[in-house]
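Residue numbers (my numbering), protein chains in the order written: chain S, 454 to 569; chain L, 692 to 804. Below you'll find the structure, written out as structure tokens, and then a few comments.
Pasting the structure below:
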């Protein structure tokens, strides 16, 4: 089990450029989450999918952010155009039901995004 | 209210000491309370979790204490080791199809050798 795989690990881009972050969840996990982590705001949920369908995107900060999950093994988070305040570590996580009412979460190692 | 409040923001403990991190919540619908451990450059990893039908859960040196009436729960790390130095997050969620987690703000723990 390779865990949740995110790419790239680091991304440095210029303001105004499009940025695409990628995530491969663990096979068999039917829920996928995108989080953003900053010193100021901690871990914020941006959006989550259940069975490839977006369920709650209320955490997406602006229309510049979009996320897709075209199939059970792949998701993207896109920022267009990027701004310096988008600089953060973006985590993808997937979850599965381990027992009655109990879910396990596994996070990827994150993508550190720097917008200059 | 979905917020989970965590304290302290940082904690320094001597090796062998007890580390205690506290969290409080408002939403009584929360019914699952995990703790996550995060090392630099890594994603958070599940450490231990509790449901409100028990008041305490212990796994090795890690114990969660849960006070339902006070809407508080805490993580105790016994015999703290330098390898425990990390950021710890409490979280809470409500029963649902995906168990969306609400995280506390995190506690940076440093265990001195």
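Glycine included, each C-beta is placed from N, C-alpha and C at the ideal position.
Under 8 Å by beta carbon: chain L residues contacting residue i
i	result
residue 469 of chain S	By Cβ distance, chain L contributes nothing, its closest Cβ being about 28 Å from residue 469 of chain S, past 8 Å.
residue 509 of chain S	791
Proximal chain S residues relative to residue i, where beta-carbon distance stays under 8 Å
i	result
residue 783 of chain L	Correct list: empty, because the minimum Cβ distance to chain S is about 12 Å.
residue 707 of chain L	By Cβ distance, chain S contributes nothing, its closest Cβ being about 30 Å from residue 707 of chain L, past 8 Å.
Rounded separation between residue i and residue j - CA only
i	j	result
residue 517 of chain S	residue 474 of chain S	14 Å
residue 788 of chain L	residue 508 of chain S	Confidence at residue 788 of chain L is low in this model, with a pLDDT of 49, below 50, so its placement is unreliable and the value that follows should be read with caution. Answer to the nearest angstrom: the Cα atoms are 10 Å apart.
residue 795 of chain L	residue 776 of chain L	18 Å
residue 489 of chain S	residue 742 of chain L	26 Å
residue 560 of chain S	residue 761 of chain L	30 Å
residue 567 of chain S	residue 745 of chain L	43 Å
residue 701 of chain L	residue 711 of chain L	11 Å
residue 722 of chain L	residue 505 of chain S	25 Å
residue 707 of chain L	residue 754 of chain L	15 Å
residue 768 of chain L	residue 533 of chain S	43 Å
residue 460 of chain S	residue 730 of chain L	19 Å
residue 455 of chain S	residue 522 of chain S	19 Å
residue 774 of chain L	residue 562 of chain S	19 Å
residue 727 of chain L	residue 492 of chain S	17 Å
residue 487 of chain S	residue 733 of chain L	15 Å
residue 569 of chain S	residue 469 of chain S	9 Å
residue 804 of chain L	residue 739 of chain L	24 Å
residue 719 of chain L	residue 503 of chain S	24 Å
residue 757 of chain L	residue 520 of chain S	36 Å
residue 771 of chain L	residue 748 of chain L	18 Å
residue 564 of chain S	residue 704 of chain L	31 Å
Unbroken beta strand (DSSP E) run spanning residue i, endpoints
i	result
residue 507 of chain S	506–509
residue 467 of chain S	Counting along the chain, residue 467 of chain S falls outside any beta strand (DSSP E), and DSSP gives it neither H nor E.
residue 765 of chain L	763–768
residue 489 of chain S	484–491
residue 793 of chain L	792–794
residue 698 of chain L	695–698
residue 512 of chain S	Premise fails: residue 512 of chain S is in no beta strand (DSSP E) and is neither H nor E.
residue 568 of chain S	564–568
residue 703 of chain L	701–705
residue 776 of chain L	Segment: none, residue 776 of chain L is in no beta strand (DSSP E) and carries neither H nor E.
residue 802 of chain L	798–803
residue 458 of chain S	458–460
Proximity to residue i [Cα-Cα], best of the options
i	options	result
residue 548 of chain S	L:708, L:737, L:753	L:737
residue 717 of chain L	L:778, L:798, L:759	L:759
residue 801 of chain L	L:697, L:696, L:709	L:709
residue 543 of chain S	S:495, S:503, S:569, S:480	S:495
residue 483 of chain S	S:563, S:564, S:465, S:558	S:558
residue 479 of chain S	S:465, S:498, S:458	S:458
residue 512 of chain S	L:778, L:771, L:791	L:791
residue 550 of chain S	S:467, S:485, S:466	S:485
Beta-carbon neighbours of residue i, restricted to chain L and to distances below 9 Å
i	result
residue 562 of chain S	732, 733, 734
residue 544 of chain S	734, 735
residue 498 of chain S	791, 792, 793, 794
Within chain S, the residues that residue i reaches when beta carbons sit closer than 7 Å
i	result
residue 797 of chain L	495
residue 800 of chain L	Within 7 Å Cβ-Cβ: nothing; residue 800 of chain L doesn't reach chain S, min ~16 Å.
Chain L contact residues for residue i, given Cβ-Cβ distances below 7 Å
i	result
residue 558 of chain S	737, 792
Contact with chain A by residue i, beta-carbon distance below 8 Å
i	result
residue 757 of chain L	Looking for chain A here will not work: the only protein chains present are S and L.
Chain-ordered neighbours of residue i on chain S, where CB pairs are closer than 9 Å
i	result
residue 780 of chain L	495, 496
Note to self: Going residue by residue through the stretch 524–562 of chain S, where are the continuous beta strand (DSSP E) segments of at least 3 residues, counting only ones entirely within it?
What the structure shows: Secondary structure remark: continuous beta strand (DSSP E) runs of at least 3 residues inside the stretch 524–562 of chain S, in chain order: 527–532, 541–552, 555–560.
Checklist line | Any alpha helix (DSSP H) of 4 or more consecutive residues that is wholly inside the stretch 713–760 of chain L | finding: Runs of the alpha helix (DSSP H) spanning 4 or more residues and lying entirely within the stretch 713–760 of chain L do not occur at all.
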